[in-house]
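In the numbering used here, the protein residues as written are 220 to 752.
1. For residue 299 versus residue 479, is the C-beta distance shorter than 8 Å?
2. Report the rounded CA-to-CA distance for residue 443 versus residue 454, giving the unit in angstroms.
3. For residue 736, does the count of other Cβ atoms within 10 angstroms reach 16, so buried, or fall short, so exposed?
4. Express the C-alpha separation of residue 241 and residue 247 in angstroms, rounding to a whole number.
5. Could you check if residue 440 is buried or exposed, using at least 16 other CB atoms within 10 Å of its CB as the buried criterion?
6. Which whole runs of the alpha helix (DSSP H) in the stretch 478-525 are 4 residues long or more, in chain order?
7. So who's on the other strand from residue 329, going by DSSP bridges?
8. Once the 5 residues before and after residue 528 are set aside, which same chain residues still bring their CB inside 7 Å of it?
9. Report the partner residues of residue 251 according to the DSSP bridge assignment.
10. For residue 604, which residues does DSSP report across the bridge?
11. Alpha carbon to alpha carbon, how far is residue 717 from residue 267?
12. When you compare only the Cα positions, how much space is there between residue 372 and residue 725?
13. Find the nearest neighbour of residue 336 within the set 722, 546 and 302, judged by alpha-carbon distance.
14. Classify residue 436 as helix, strand or coil using the three-state DSSP reduction.
15. Report, in whole angstroms, the separation of the C-beta atoms of residue 696 and residue 499, which I expect to be a contact under 8 Å.
16. Would you mind reading off the limits of the alpha helix (DSSP H) that contains residue 573?
17. Going by other Cβ atoms of all chains shown within 10 Å of its Cβ, with 16 needed for buried, is residue 279 buried or exposed?
18. Would you say the stretch 260-274 touches the stretch 512-520, given that touching needs at least three Cβ pairs under 8 Å?
19. So the alpha helix (DSSP H) residue 553 belongs to, where does it begin and stop?
20. Alpha carbon to alpha carbon, what distance is there between residue 348 and residue 544?
21. Would you kindly work out how many angstroms separate the C-alpha atoms of residue 700 and residue 320, rounded to a whole number?
22. What's the C-alpha gap between residue 368 and residue 631?
23. Given residue 732, which residues of its chain have a CB within under 7 Å of its CB, disregarding the five upstream and five downstream residues?
24. Just to check my reading of the structure: residue 609 and residue 447 have Cβ atoms closer than 8 Å, yes? What is that Cβ distance to the nearest angstrom?
25. How long is the line joining the alpha carbons of residue 481 and residue 283, rounded to whole angstroms?
26. Would you identify the three-state DSSP class for residue 261, choosing helix, strand or coil?
27. Contact criterion: CB-CB distance below 8 Å. Does residue 549 meet it with respect to chain D?
28. Examine the ligand NAP and report whether any of its heavy atoms sits within less than 7 Å of the Cβ of residue 490.
29. Across which residues does DSSP place residue 293 in a beta bridge pair?
30. Can you tell which of 341, 465 and 323 has the C-alpha that lies nearest to the C-alpha of residue 714?
31. Kindly list the residues whose CB is nearer than 6 Å to the CB of residue 325, restricted to its own chain and excluding five residues on each side of it in sequence; keep chain order.
32. Pick helix, strand or coil for residue 345, following the three-state DSSP scheme.
33. Just tell me which of 502, 375 and 338 has its CA closest to the CA of residue 615.
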């Protein structure tokens with residue numbers, strides 16, 4: 220038997236661990252303190268300049284945020300969003316060489332009610348974050364997830380993009396010059412540099428910081444019933460993300476914000492891209508992972524941290540003492556296979572350990588994605604968008620498509636047999652009644668002018684109970700899978716059910732008057748003729 224320790228102890232080769240280069244690759248003078256990638260060793264000062272420059276370059280390259288706009292920073296307390304808040308503070312400070320010119324605000328969504336935290340734990344986490352928010356001197360909003368139960372149905376509609384500006388270099392420079400000139404006219408005693416930083420520092424001092432809104436135990440119980448009705452952790456995380464987006468969007472609209480900054484890092488977007496493909500969100504990958512997400516019209520979501528890896532963010536927060544707060548979520552201490560999102564995260568993270576270019580390769584692939592759906596605007600019919608995620612519906616496809624084949628297979632598997640008169644072309648979507656049942660009365664007596672109006676609870680009676688609205692026809696493919704995992708659809712917030720009922724009524728009304736409506740092509744032809752006269 221081979222005795223390694225006794226016979227070959229002196230001849231074994233030890234693996235040489237890589238060491239940090241003595242000199243920084245940028246300044247060539249100071250001693251390097253960290254290695255970001257192979258061969259990229261930075262000293263403390265050069266790493267800070269590199270980190271700050273990447274944030275400014277991302278905003279400057281896209282030029283989506285114009286001077287004077289109100290921008291809402293979505294901070295969850297994690298490393299990425301806390302680092303984003305630090306970068307905004309750095310950009311708005313007086314010592315910054317190229318100052319940011321927007322007015323920031325902060326929002327935090329308290330999700331403790333969905334993850335089963337006690338009220339004491341939630342209050343302790345909110346207190347820690349409030350101390351960080353007060354130090355920034357920015358207006359902040361603490362919103363509990365229970366408040367999603369009282370949202371208006373208008374949050375599911377795309378707003379009018381009245382503040383949209385042409386995305387050209389000349390218009391952006393003109394907006395910057397006009398902004399600086401306006402600040403100089405309002406504050407003649409300030410220089411140009413001070414006038415650029417004055418609006419953010421002064422206006423935030425004049426606004427009283429927002430506190431938390433009280434929540435009742437009944438609201439917490441209703442929220443817990445909602446998530447208890449969802450079978451899988453995958454659907455719970457997807458539903459939680461949707462409700463969080465609705466709360467952020469409602470707060471931005473009511474408080475006058477036109478942009479929302481998310482702290483999604485490069486690593487997080489790589490995981491999100493693969494998990495969204497697995498969840499059936501391939502049609503909306505470009506908006507879900509791109510720099511800007513204009514699906515809501517009047518509020519645009521931007522992701523300025525998408526060029527940073529989680530390793531860079533962790534190093535920066537550790538070296539420059541950026542505070543962050545750990546708050547447990549739905550997937551905390553969950554197994555790798557508990558959900559699709561958690562399994563994808565574990566897969567990408569472990570693969571990144573052995574192959575350091577994994578995240579960057581997935582991320583660069585996401586930059587090349589474009590949506591195949593037509594661009595959405597404020598004039599697009601609400602029925603053409605998903606009820607929950609407000610993306611373009613990817614379920615209105617041709618009759619002979621893979622999606623329709625999936626629906627037919629699902630319908631056949633839910634019953635014993637297709638029956639003698641069944642044909643594949645006449646199969647209805649799951650959850651939808653037959654087409655002929657909508658025009659027939661439940662009264663089976665003779666006479667075509669008789670009805671069940673005199674009977675109690677008949678289809679023509681005023682005492683008939685309201686029918687449950689079928690949500691599947693109003694949802695995209697991925698959101699249908701989420702609702703399919705729910706045991707009770709009536710547990711959804713009332714604003715979702717109300718908007719679904721309203722869209723159903725509008726769709727039925729449109730079908731009734733469809734003979735008198737012009738098609739889009741005919742309407743465009745008439746407009747062209749009128750324009751040429």
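Where is the CB? At the ideal position from N, CA and C, for every residue including glycine.
Note that the coordinates shown come from a computational prediction; the quantities given were computed from them, not determined experimentally.
Let me spell this out:
1. Numbered from its first residue, the chain shown carries residue 299 at position 80. Numbered from its first residue, the chain shown carries residue 479 at position 260. Their beta carbons are not under 8 Å apart, which means residue 299 does not touch residue 479 by this criterion.
2. The count along the chain shown starts at 1 and reaches residue 443 at position 224. The count along the chain shown starts at 1 and reaches residue 454 at position 235. So the two alpha carbons sit approximately 14 Å from each other.
3. Residue mapping note: residue 736 aligns to position 517 of the chain shown, counting from 1. Counting Cβ neighbours within 10 Å, residue 736 comes out exposed, since fewer than 16 surround it.
4. Counting from 1 along the chain shown, the entry for residue 247 is found at position 28. Counting from 1 along the chain shown, the entry for residue 241 is found at position 22. Rounded to the nearest angstrom, the two C-alpha atoms are 9 Å apart.
5. Here residue 440 refers to the residue found at position 221 when the chain shown is read from its first residue. Residue 440 is exposed by the Cβ-count criterion.
6. 485-498 and 504-508
7. Taking the first residue of the chain shown as position 1, residue 329 is located at position 110. Answer is 363.
8. Along the chain shown, one-based indexing puts residue 528 at 309. Correct list, in chain order: 484, 485, 486 and 578.
9. If you number the chain shown from 1, residue 251 lands on position 32. BP columns for residue 251 are empty, so no partner.
10. Counted from its first residue, the chain shown places residue 604 at position 385. Residue 604 pairs with 611.
11. Taking the chain shown and counting its residues from 1, one reaches residue 717 at position 498. Taking the chain shown and counting its residues from 1, one reaches residue 267 at position 48. If I take the Cα positions, the gap works out to 50 Å.
12. If you number the chain shown from 1, residue 372 lands on position 153. If you number the chain shown from 1, residue 725 lands on position 506. Whole-angstrom Cα-Cα distance: 15 Å.
13. What you label residue 336 is simply residue 117 of the chain shown in a count that begins at 1. The shortest C-alpha separation from residue 336 is found at 546.
14. Residue numbering aside, residue 436 sits at position 217 when the chain shown is read from its first letter. In this structure, residue 436 counts as helix in the three-state DSSP scheme.
15. Taking the first residue of the chain shown as position 1, residue 696 is located at position 477. Taking the first residue of the chain shown as position 1, residue 499 is located at position 280. Right, the Cβ-Cβ distance comes to about 5 Å (below 8 Å), so this counts as a contact.
16. The residue labelled residue 573 in the question sits at position 354 within the chain shown. Per DSSP, residue 573 belongs to the alpha helix (DSSP H) from 559-573.
17. Here residue 279 is taken as the residue at index 60 of the chain shown, counted from 1. Exposed, by the Cβ-count rule.
18. no
19. Sequence index remark: in the chain shown, residue 553 carries index 334 (1-based). Counting along the chain, residue 553 falls outside any alpha helix (DSSP H), and DSSP gives it neither H nor E.
20. Looking up residue 544 in the chain shown gives position 325. Looking up residue 348 in the chain shown gives position 129. Taking the straight line from one Cα to the other gives about 7 Å.
21. Locating residue 700 in the chain shown gives position 481, where the first residue counts as 1. Locating residue 320 in the chain shown gives position 101, where the first residue counts as 1. The alpha-carbon atoms of residue 700 and residue 320 are separated by roughly 42 Å.
22. Locating residue 368 in the chain shown gives position 149, where the first residue counts as 1. Locating residue 631 in the chain shown gives position 412, where the first residue counts as 1. Computed Cα separation, rounded: 36 Å.
23. The residue you call residue 732 lines up with position 513 of the chain shown. Closer than 7 Å at the Cβ level, and outside the excluded window around residue 732, lies no residue.
24. Indexing the chain shown from 1 puts residue 609 at position 390. Indexing the chain shown from 1 puts residue 447 at position 228. So it is not a contact: roughly 26 Å between Cβ atoms.
25. Along the chain shown, read from residue 1 onward, the residue named residue 481 stands at position 262. Along the chain shown, read from residue 1 onward, the residue named residue 283 stands at position 64. Approximately 14 Å, taken between the alpha carbons.
26. Taking the chain shown and counting its residues from 1, the one referred to as residue 261 is at position 42. Strand, per DSSP.
27. Annotation note: the requested chain D is absent from the structure, which comprises a single protein chain.
28. Annotation note on the ligand NAP: not contained in the displayed structure, which lists no ligands.
29. Sequence index remark: in the chain shown, residue 293 carries index 74 (1-based). Residue 293 pairs with 326.
30. As a position in the chain shown, residue 714 is number 495, starting the count at 1. The shortest C-alpha separation from residue 714 is found at 465.
31. Residue numbering aside, residue 325 sits at position 106 when the chain shown is read from its first letter. Cβ within range, chain order: 292, 294, 352, 357 and 359.
32. Here residue 345 corresponds to residue number 126 of the chain shown, with the count starting at 1. In the structure shown, residue 345 sits in a helix (DSSP, three-state: H, G or I).
33. For the purposes of this step, residue 615 is taken as residue 396 along the chain shown, with counting starting at 1. Residue 615 has its Cα closest to that of 502, out of 502, 375 and 338.
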